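Numbering (the working numbering), first residue to last: 8 to 380. Glycine residues also receive a C-beta, built at the ideal position from the N, C-alpha and C atoms. As the structure is a prediction and not an experimental result, all values here were calculated from the model. One structure is given here, and the rest of the page talks about it.
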Amino acid sequence: MLKVALVVGTRPEAIKMAPIVLTLKRTRGMKPLLVLTAQHRRMCDDVLEVFKLQPDYDLDIMKPNQSLFEVTSRLARRLERVLRTEEPDIVLVQGDTTSTFMGSLCAYYLRIPVGHVEAGLRTYQKYSPFPEEINRKLTTAIADLHFAPTEVARKALVHEGVPREHVFVVGNPVIDALLHVAAMDYPFTNRKLASLDPDEMRVIAVTAHRRESHGKPFVSMMRAIRQIVRKYRDVVVVFPVHPNPNVRRPVHSILHGVERIVLVEPLDYRQFVKLLKLSYLIITDSGGIQEEAPSLGKPVLLMRNVTERPEAVKAGAVKVVGTDTGTIVEECSRLLDSQAAYRKMVVRRNPYGDGRASERIVKITRQYLSRVG
Ligand code: UD1
Ligand code: UDP
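See below:
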């Protein structure tokens, strides 16, 4: 039995790794070992429940308002213990969080091979996204297998000197997860969401959380959201608020009590996908949502200065609008006022995959382990 440890810390990692765990479970001769760092506590638990997964280890590292230093040091000691005890054949990590980087570093210290899912995304700007750009590059330096979602990502890795034969374009398993969940019809548990009628009001889904935007940029983004609902009386904003206190404070102080702005707790993945499906457009700074939206035909205004996901921008589904209040309001108004501008961004081809990334990742991992083992 080949033992494949999957390190999962935050909501997006849980969503993108879940289909790989499910695929490994049904693959003969392979066994997943799900190591939940719980860098995110409730948000990871919600995802695992949707996919009916139980962690084999729960490192339970989250503390309220944790610093990068605290997260990093807690991860090191707890991951060491699990990896020494279990001695997996390979460790898979996903994306660019601190759990991702520490998962790969701890595996390296124990000379365990590492597979990096969603490898090769770059902005080439050290502090944007922060600390994800550097987490991703450091993980590249350690990984033995690089699962690039797209050709753009593959080229970036090869250009940086990663041997071609270690890089595989497989798509992004977020699409596997999305297709799995989009097929379920799950009711909203929140009453306000259950009563939304997209034929009567245009729904804008909003999310925001990036560390590089904490402080002033956040205030500026929230003012934009407030101006948009004041300007358009047929618009309702639904905003599942990330639990990071540095996000909650400005969101609540600027948007709480504003008419036609519904602030809710983070939605479980089924309900969030349902929200995206009934939305007219999406305003976000999220990485994952840029990848999901083109499959659902929903335009995204991206509240960041730069993106490591240029494919969605090129496809026309995502527009980078920065964090300035005036620019966000202007770009959103264009989509709300002009059918032509809106239709141009309704793209139904997804550059991030076909829903079969997990199959490919498991197959390549098995081939690799049978070669090196
Ligand atoms: C983290 C990742 C970021 C990723 C994002 C996805 C790092 C450094 N950051 O950012 O790359 O894009 O997750 O959302 O790895 N909290 C809860 N409950 C939860 C989750 C979070 O209360 O279920 C609160 C806690 O107060 C916690 C804080 O949010 O301390 C911040 O969590 P953390 O994982 O450190 O950073 P994020 O901003 O969530
Ligand atoms: N998401 C969710 N519930 C929410 C908001 C987002 O399930 O209330 C999902 C979303 O569909 C995407 C992922 O969480 O798959 C993105 O997470 P986040 O924006 O926190 O992280 P990022 O992708 O920016 O790292």
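Measuring alpha carbon to alpha carbon, tell me which of the options ends up nearest residue i.
i    : options                   : result
R218 : E94, A347 and L75         : L75
A12  : C113, V98 and G222        : V98
L203 : V124, Y287 and L66        : Y287
M109 : E338, R84 and F279        : R84
K370 : G36, G304, E207 and T79   : G36
T130 : E139, S220, V124 and T372 : E139
V269 : Y193, S345, T34 and V210  : V210
A126 : F137, I119 and Q101       : Q101
G362 : A190, I335 and H263       : A190
V265 : K199, I232, K284 and R311 : I232
L342 : R367, R33 and I289        : I289
Under 8 Å by Cβ, that's how I've got residue i and residue j pegged, so tell me the actual separation to the nearest angstrom.
i    : j    : result
T330 : S260 : So it is not a contact: roughly 17 Å between Cβ atoms.
V176 : A150 : So it is not a contact: roughly 15 Å between Cβ atoms.
M229 : P257 : 5 Å
K38  : L60  : That pair is no contact at about 14 Å.
F69  : R48  : In the sequence on display, residue 69 carries Met and not Phe. The Cβ separation is near 4 Å, so the contact holds.
H382 : H249 : No information on residue 382 is available, as it lies outside the stretch 8 to 380 that the chain covers here.
In this structure, does DSSP put residue i in helix, strand or coil?
i    : result
D63  : coil
A12  : strand
K321 : helix
A190 : coil
F137 : coil
H221 : coil
G122 : strand
V54  : helix
I97  : strand
A212 : strand
I26  : In the sequence as presented, Ile is not what sits at residue 26; that position holds Pro. P26 falls in the helix class under three-state DSSP.
V169 : coil
V327 : strand
F195 : coil
M37  : strand
L308 : strand
V369 : helix
V379 : helix
P301 : helix
Subject >> Cβ contact (3+ pairs, closer than 8 Å) linking the region 176-184 and the region 21-33 >> reply: The answer is yes - the region 21-33 touches the region 176-184, with three or more Cβ pairs under 8 Å.
Subject >> Any 3 or more C-beta pairs closer than 8 Å across the region 321-330 and the region 342-359 >> reply: Inter-segment contact for the region 321-330 and the region 342-359 is present: three or more beta-carbon pairs are separated by less than 8 Å.
Original post:
Does the pairing of the region 342-349 with the region 361-379 give three or more beta-carbon distances under 8 Å?
Top reply: As far as the Cβ criterion goes, the region 342-349 does not touch the region 361-379, which means the pair count is below three.
**OP:** For the region 109-118 and the region 138-152, state whether three or more C-beta atom pairs, one from each stretch, are separated by less than 8 Å.
**Re:** Contact check between the region 109-118 and the region 138-152: three or more CB pairs, one atom from each, fall below 8 Å, which counts as touching.
**OP:** Check whether the region 309-317 touches the region 290-298, taking contact to mean three or more Cβ pairs, one atom from each stretch, closer than 8 Å.
**Re:** Yes: the two stretches touch, three or more of their Cβ pairs being nearer than 8 Å.
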